[in-house]
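*Asks:*
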Amino acid sequence: MIKTDIKHLHYFLEVAKRKSFTKAAHHLFVTQPTISKMIKDIEDELGMQLLDRSGKEIELTDAGKIVFEQSRKIVKSFDHLSDELGDLTHARVGKLTIGLPPMIGVYFFPAILGKFRNKYPGVDLHIVEYGAKKIADCVSEGILEVGVTVGPFDHRHLDSFAFYDDPICVVVNQSHWLSKKSNVTLNELKSESFILFPEDFALRTMITKACEHAGYQPKIVFESSQWDFMIKLVSEGFGIALLPLSIVKKAKDQSVISVPLNEKDLTWHLSMIWRRNHYLSFAARAWIEESAKALKLQKVIDK
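So that you can map any letter, position 26 of the sequence shown is 74 in my numbering, and since no number is skipped, the others follow by simple counting.
(1) Under the rule that 16 or more other beta-carbon atoms within 10 Å means buried, what is Asp350, buried or exposed?
(2) Can you give me the C-alpha to C-alpha distance between Ile321 and Phe209, rounded to a whole angstrom?
(3) How is Asp100 classed by DSSP in three states: helix, strand or coil?
(4) Within this structure, are the beta carbons of Ile268 and Leu290 separated by less than 8 Å?
(5) Identify, in the order they occur along the chain, each residue of the same chain with its Cβ nearer than 7 Å to the Cβ of Ser339, setting aside the five sequence neighbours on each side.
(6) Let's see if you can read the secondary structure: which residues bound the alpha helix (DSSP H) around Arg165?
(7) In terms of residues, what are the limits of the alpha helix (DSSP H) holding Asp301?
(8) Using a Cβ distance threshold of 8 Å, determine whether the segment 212-228 contacts the segment 277-294, with at least three qualifying pairs required.
(9) Cβ of Met86 within 8 Å of Cβ of Tyr59?
(10) What distance in whole Å lies between the Cβ atoms of Pro150 and Glu177, which are believed to be in contact at a cut-off of 8 Å?
(11) Could you tell me whether the Cβ atoms of Lys181 and Ala342 are closer together than 8 Å?
(12) Among the candidates Val63, Glu105, Ile90, whose CA atom is the shortest distance from the CA of Thr79?
(13) Could you round the C-beta distance between Pro266 and Thr253 to whole angstroms and report it? I think they count as a contact, below 8 Å.
(14) Let's see if you can read the secondary structure: which residues bound the alpha helix (DSSP H) around His261?
Written out as structure tokens, the structure reads:
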């Protein structure tokens, strides 16, 4: 059984370089008998004498010279390994792919992404834009480590922190009959033409289920993953849209009007998600912590 380890090789190199057990022991802060035993262990294991102890100074034998060169390479590689693992554990290197729905990414995360890249320039950061439903599925299946989704979602296999709630409002153009109302119910939208997100968006599912609960299937005339394009279609009179109030305000489009919904439970709940009871890379942990800080939250994952 091989007993020689990195410590043995390190001690051997010090003795060979300093040509003295005493000097090597002093440099390594160990006793001379300890270092002598380490060298004897290597020689016994290899079955060869590595050091010539007959002279005033210790010299390498022919076998010792071979072991010396190989030991230097091994110790150097191990030191590099330690450095790289240190970089990894401090998120100085790594790879991270984050799932962000288009509407959410552009609204909340440009500044956070910029700060993260500046703080962790060695992390290879990638963003994929999917609908919130697909992101939740990808995180659950381990395809993505972290992502942002819209609640409610299946919490059984996911950990999360919520960071934003926003009411859903009805977006109409100025000439629409609903534009004069102070609020509206879903039932009043039964005959309207809807402009909605595609089916892999959680908000689409939320809206269609709410309409079904109100007793009808929404008549969908356009689908788009881009909220600004949806608002433009509304302004041109193609139909109505149901969007988070903050997104409508961000658009600053004077040709459309947002009307509050009476259904207060129809709300945009945003959460950062990652898999429960699964390995989380150091880069992913750093991202969760940094984004949580930026969103005014603290200590959302266990160290």
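Idealized CB from N, CA, C, for every residue including glycine.
In this text, all values refer to a predicted model and were calculated from it rather than measured experimentally.
*Replies:* Concretely, from the data shown:
(1) Caution applies to Asp350, whose pLDDT of 43 falls short of 50 and renders its modelled position unreliable; the value that the coordinates give is listed next. Looking at its Cβ environment, which holds fewer than 16 other Cβ atoms inside 10 Å, Asp350 is exposed.
(2) 7 Å
(3) strand
(4) Judged by beta-carbon spacing, Leu290 lies beyond the 8 Å limit of Ile268, meaning their Cβ atoms are not closer than that value.
(5) Ile160, Met320
(6) From DSSP, the alpha helix (DSSP H) with Arg165 extends over 158-167.
(7) It is not in any alpha helix (DSSP H) - Asp301 carries neither H nor E in the DSSP assignment.
(8) Yes, they touch.
(9) yes
(10) Yes, they are in contact, since the Cβ atoms of Glu177 and Pro150 sit about 5 Å apart, within 8 Å.
(11) The answer is no: Cβ separation not under 8 Å.
(12) Val63
(13) Not really, about 12 Å apart at Cβ, beyond 8 Å.
(14) Per DSSP, the continuous alpha helix (DSSP H) segment holding His261 begins and ends at 250-261.
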